[in-house]
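K.L.:
Those protein sequence lines, which keep their order, are chains P and X.
Note that UniProt numbering gives residue 4 to position 4 of the first sequence, counting from 1, and the numbers run on in steps of one.
Note that UniProt numbering gives residue 117 to position 117 of the second sequence, counting from 1, and the numbers run on in steps of one.
Using N, Cα and C, we set each Cβ at its ideal position, and we do this for glycine too.
Please read these numbers as outputs of a predicted model, since none were measured by experiment.
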Amino acid sequence: MKYESQRIAKPYFVFAMMLFAGQILFGLLMGLQYINGDVGFPYIPFNAARMVHTNLLIVWMLFGFMGASYFLVPEEAETELYSPLLAKITFWVFVVAGVATILGYLLVPYAELARITKNELFPTMGREFLEQPTITKIGIVLVCLSFVFNIGMTILRGRKTVINMVLITGLIGLAVFYLFSFYNPDSLTLDKYFWWFVVHLWVEGVWELILGALLAFVLIKVTGVDREHIEKWLYVIIAMALISGLIGMGHHYFWVGPPKYWLWMGSFFSALEPVPFFMMVVFAFKMVKERRREHNNKIATTWAKGTAVMAFLGAGVWGFLHTLAPVNYYTHGSQLTAAHGHLAFFGAYAMVVMCMISYSMPVMNGRPQGNSVQAQKVERIGFWLMCIGMLGITFALTAAGIWQVALQRIPEAGKALSFMATQEVLKPFYIARLGFGLIFTAGVAAYFASFVVANKNGKQYPDANATLAE
Amino acid sequence: MAEKFTKSMARNIYYGGSFFFLLLLLGLSVDTVRQLPKREHREALTEHVIAGKGLWETNNCIGCHSLMGEGAYYAPELANVFDRRGAGNEAAFKSYLRGWVNAQPLAIPERRKMPQFNLTDAEIDDLADFLIWTSRIDDNNWPPNVEG
Ligand code: HEM
Ligand code: HEM
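#1: Using a Cβ-Cβ cut-off of 7 Å (strictly less than) and excluding sequence neighbours within five positions of T302 of chain P, which residues of its own chain qualify?
#2: State the beta-bridge partners of G71 of chain X as determined by DSSP.
#3: Which residue marks the beginning of the alpha helix (DSSP H) containing M351 of chain P, and which one marks its end?
#4: To the nearest angstrom, report how far apart Y253 of chain P and V373 of chain P are at their CA atoms.
#5: Applying the 10 Å Cβ sphere with the 16-neighbour rule, what's the burial state of I410 of chain P?
#6: In whole angstroms, what separates the C-alpha of Y82 of chain P from that of S146 of chain P?
#7: Compute the minimum distance between the beta carbon of R433 of chain P and the heavy atoms of ligand 2, and state whether it is under 7 Å.
#8: Give a yes or no on whether the minimum CB-CB distance between D226 of chain P and chain X is below 8 Å.
#9: Whole-angstrom Cβ separation of A311 of chain P and F277 of chain P, contact assumed at under 8 Å?
#10: Between T422 of chain P and the rest of its own chain, which residues show a CB-CB distance below 7 Å, the 5 nearest in sequence each way excluded?
#11: Would you please verify whether the beta carbon of V236 of chain P is less than 8 Å from any beta carbon of chain X?
#12: If you measure beta-carbon to beta-carbon, which residues of the stretch 364-380 of chain P are closer than 9 Å to chain X?
#13: Check whether the Cβ of L43 of chain P lies closer than 8 Å to any Cβ atom in chain X.
#14: Extract the residue ranges of the beta strand (DSSP E) inside the stretch 381-464 of chain P, only unbroken runs of 3 or more that lie entirely within it.
#15: When the cut-off is 8 Å and only beta carbons count, does R42 of chain X lie next to chain P?
#16: Any beta carbon from chain X within less than 8 Å of H332 of chain P's own beta carbon?
#17: In this structure, how does DSSP classify P276 of chain P when only helix, strand and coil are distinguished?
#18: Any heavy atom of ligand 1 inside 7 Å of the beta-carbon of N60 of chain X?
#19: May I ask you to check if the CB of L28 of chain P is nearer than 7 Å to at least one heavy atom of ligand 2?
#20: Under 8 Å between the Cβ atoms of H48 of chain X and D126 of chain X?
#21: Quick one: what does DSSP say R42 of chain X is sitting in, helix, strand or coil?
#22: Identify whether W255 of chain P lies in helix, strand or coil by the three-state DSSP scheme.
#23: Below 8 Å, can you find three or more Cβ-Cβ pairs linking the stretch 163-175 of chain P to the stretch 204-212 of chain P?
#24: Hey, is F320 of chain P close to ligand 1, as in C-beta under 7 Å from one of its heavy atoms?
#25: Can you list, in chain order, the residues of its chain whose CB lies under 8 Å from that of S135 of chain X, leaving out five sequence neighbours each side?
#26: Just the Cα atoms here: how many angstroms apart are L25 of chain X and R85 of chain X?
#27: Do we get a CB-CB distance below 8 Å when we pair Q104 of chain X with the residues of chain P?
#28: Mind listing the chain P neighbours of Y73 of chain X? Cutoff is C-beta to C-beta under 8 Å, in chain order.
#29: With DSSP collapsed to three states, give me the class of A87 of chain X.
#30: For I116 of chain P, does the count of other Cβ atoms within 10 angstroms reach 16, so buried, or fall short, so exposed?
#31: Listed in chain order, which residues of the stretch 244-276 of chain P have Cβ atoms closer than 9 Å to some Cβ of chain X?
#32: Ligand 1 heavy atoms versus the CB of Y253 of chain P: any closer than 7 Å?
#33: Would you tell me roughly how many angstroms separate the C-alpha atoms of A449 of chain P and F63 of chain P, rounded to the nearest one?
#34: Going along the chain, which residues of its own chain have a beta-carbon closer than 6 Å to the beta-carbon of G370 of chain P, five neighbours each way excluded?
#35: In chain P, which residues lie less than 9 Å from W100 of chain X when you measure between Cβ atoms?
#36: I'd like the list of long-range same chain contacts for I8 of chain P, defined as Cβ closer than 6 Å, with 5 residues on each side in sequence excluded.
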């Protein structure tokens with residue numbers, strides 16, 4: 001670690017991982033509710049569990065991106081963070097706002113939460129992923145502003161590397177597009193049209209910039225490959241991401257009101273969206289192959305390669321599967337959507353955060369060459385169990401989705417099975433999904449255990465740099 | 001990548017490409033926003049429909065159901081529930097919806113449960129108006145059949 005203030009990343013990562021654990025717990029609960037509707041009812045109805053699951057996901061992604069930026073930016077800029085104090089205050093504000101909101105979801109009915117938080121004064125609640133009370137949304141904006149300001153000032157003060165510039169562009173985009181969550185018009189079609197300005201322009205737009213920057217940073221660190229080379233790749237990747245992704249948003253406008261031209265525009269441009277993800281795979285493997293040094297943090301390299309591959313599978317392959325209008329006509333809003341949502345979110349954004357953690361936590365703990373061999377072994381088990389678990393979830397939901405389309409959507413009216421009857425038939429797939437969910441959970445447990453192992457035998461891995469870092 | 005392809009060329013593609021497509025997106029958005037009133041029948045967007053949308057949101061219906069294919073996949077699609085259950089008759093649909101919402105949760109073991117929201121009849125009628133209005137949006141003929 002080059003700069004003392006990078007250490008502020010640690011609480012962000014630790015808290016992100018705690019939220020991750022919570023997210024998985026509620027995922028398992030929903031997995032059970034899919035099989036037996038009585039589980040948890042009426043105390044935690046499915047909709048409450050789902051809000052908690054997806055909101056924890058989003059919030060831990062944000063904590064992860066923030067932690068990653070606080071670690072990465074000073075190192076790239078070659079200067080201390082502008083204000084470590086502000087970063088600490090922001091952390092606690094975000095923690096309090098996040099925990100209070102999740103408790104709100106769980107402790108009172110949603111309508112009651114809307115009343116308590118005076119939603120009627122400025123209604124923004126009740127839309128998927130944007131369920132946060134308006135006051136929480138304002139809190140998130142303030143947290144993002146403070147964060148972007150702190151990061152921005154640090155970059156202004158220091159070296160403006162391509163990685164830093166791409167990262168800050170992504171972070172500003174994240175903050176700016178979130179503002180659309182305050183726009184909730186009476187017209188449902190307008191509402192839906194601009195809802196995607198948050199959701200799509202995040203995950204298939206500016207978040208890809210963040211993903212690319214974080215991946216490039218870790219690759220530079222573990223491979224020692226020439227920066228010029230990596231920067232060129234980074235530019236091409238993010239160029240392709242935005243060129244395909246901006247108009248690619250049309251794949252969400254097929255069946256929710258917008259005009260017909262989106263059918264072919266959305267299909268064409270979104271069909272190009274896998275390209276940047278494929279380039280990330282080539283990029284990661286090429287850099288590792290051309291590495292100039294042997295870094296002992298092998299597992300961080302595994303995470304970097306794994307992120308590229310799983311993001312390509314989840315976003316690229318599973319995204320392409322249902323992105324053409326004639327296919328999407330049948331698969332829209334089916335279990336196939338959920339299959340893709342899971343593999344894409346996990347493969348791209350959950351994994352890139354864990355990749356950054358895997359590289360930076362040992363550094364912050366005074367082990368610049370990575371954790372002990374035992375700890376890395378345990379982490380590797382976690383890595384594989386999570387990947388296998390998530391691929392299993394994806395296959396189970398994909399099979400469920402295809403079967404759902406075959407029973408419920410393709411037959412003509414009269415012959416088609418109703419939604420509820422179809423769900424009954426799909427139960428075996430949901431049982432399989434739950435099984436893979438348990439494997440995934442075991443992976444998370446192993447991953448957490450690796451931190452304990454690392455701390456226990458932290459001194460077993462002495463190396464030349466260790467004294468320099470402290 | 002060939003050596004002739006330099007970093008500054010890559011950067012220019014990034015800046016030029018994203019700027020161009022951002023402008024295109026803006027243009028298309030302006031056009032879409034202009035066309036939506038006709039496609040959604042904005043003239044029929046009454047106070048009741050608006051109130052219904054509010055109730056839809058504050059009760060987090062989207063947490064279980066999908067609406068025009070977006071939302072959760074735990075419970076049936078509702079953008080076409082008027083077509084499915086109302087058979088084109090608004091009064092019949094309203095009385096169906098009152099009966100349905102008030103009967104929740106159904107006491108069928110292991111069946112997925114819909115909570116009891118304690119809504120008044122007037123509120124349920126607003127929700128019905130919202131769902132009826134939604135069912136008439138021009139959505140390029142989705143879903144494929146009435147089952148949603
Ligand atoms: C890492 C990047 C991505 C993430 C995290 C992601 C995540 C998601 C999520 C969560 C949804 C469901 C949204 C909802 O609840 O309505 C979704 C829908 C969709 N995604 Fe992605 N996605 C990514 C990239 C892509 C790419 C690259 C493509 C196309 C090649 C794609 C194609 C689609 C399509 C067509 C839908 C709509 C499915 C439907 O009609 O039901 N996604 N995505
Ligand atoms: C034990 C593991 C997990 C289980 C059993 C699980 C289960 C579920 C269930 C049942 C839903 C609701 C689907 C519906 O609306 O009907 C859901 C939604 C979702 N989950 Fe998970 N989940 C798990 C892990 C994860 C992970 C690791 C991620 C991402 C990193 C994730 C991201 C999402 C997203 C983005 C949605 C919304 C999908 C959409 O709208 O299409 N889940 N999950």
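P.N.:
Taking the structure as given:
#1: Only R380, F383 meet the Cβ criterion.
#2: Looking at the DSSP output, G71 of chain X shares a beta bridge with X:S66.
#3: Per DSSP, the continuous alpha helix (DSSP H) segment holding M351 of chain P begins and ends at 351-364.
#4: Y253 of chain P and V373 of chain P: Cα-Cα distance of roughly 50 Å.
#5: Exposed is the call here.
#6: Each residue's CA atom was taken as its position, placing Y82 of chain P and S146 of chain P some 11 Å apart.
#7: Yes, the beta carbon of R433 of chain P sits closer than 7 Å to at least one heavy atom of ligand 2.
#8: Chain X places no beta carbon closer than 8 Å to that of D226 of chain P, leaving this residue out of the contacts.
#9: That belief holds up - the Cβ atoms of A311 of chain P and F277 of chain P are roughly 5 Å apart, short of 8 Å.
#10: Same-chain partners within the cutoff: Q404, L407, Q408.
#11: So yes, V236 of chain P belongs to the interface.
#12: If the cut-off is 9 Å between Cβ atoms, the stretch 364-380 of chain P has nothing near chain X.
#13: It should be pointed out that residue 43 of chain P corresponds to Tyr in this sequence rather than to Leu. The Cβ of Y43 of chain P sits no closer than 8 Å to any Cβ of chain X.
#14: Whole beta strand (DSSP E) segments, 3+ residues: zero.
#15: Interface annotation, R42 of chain X: in contact with chain P, CB-CB separation under 8 Å.
#16: Taking Cβ atoms only, chain X reaches closer than 8 Å to H332 of chain P, which makes this a yes.
#17: Helix at P276 of chain P.
#18: It does not: the Cβ of N60 of chain X is nowhere closer than 7 Å to a heavy atom of ligand 1.
#19: True, at least one ligand heavy atom lies under 7 Å from that Cβ.
#20: Contact flag set, yes.
#21: In the structure shown, R42 of chain X sits in a helix (DSSP, three-state: H, G or I).
#22: When DSSP states are grouped into helix, strand and coil, W255 of chain P belongs to the coil group.
#23: Verdict: yes, contact present.
#24: Because some heavy atom of ligand 1 lies under 7 Å away, the Cβ of F320 of chain P counts as near it: yes.
#25: Within the same chain, S135 of chain X has close Cβ partners A79, N80, V81, F82, D83.
#26: Rounded to whole angstroms, the gap between the alpha carbons of L25 of chain X and R85 of chain X is 38 Å.
#27: It does not; no Cβ of chain P falls within 8 Å.
#28: What Y73 of chain X touches in chain P: G333, S334, Q335, T337, A338.
#29: The three-state reading of DSSP puts A87 of chain X in coil, since its state is none of H, G, I, E or B.
#30: Around the C-beta of I116 of chain P, fewer than 16 other C-beta atoms lie within 10 Å, and the residue is accordingly described as exposed.
#31: Across the stretch 244-276 of chain P, CB contacts with chain X closer than 9 Å involve S244, G245, L246, I247, M249, G250, H252, Y253, F254, W255, V256, G257, P258, P259, K260, Y261, W262, L263, M265, F269, in sequence order along the chain.
#32: Checking the Cβ of Y253 of chain P against ligand 1 gives no.
#33: Straight through space, the alpha carbons of F63 of chain P and A449 of chain P are spaced by roughly 21 Å.
#34: Cβ-Cβ distances below 6 Å link G370 of chain P to N296, N297, P362 in the same chain, with the five nearest sequence neighbours on each side left out; the list follows chain order.
#35: Chain P residues near W100 of chain X: none, gap ~13 Å exceeds 9 Å.
#36: Cβ within range, chain order: Y70, P84, A87.
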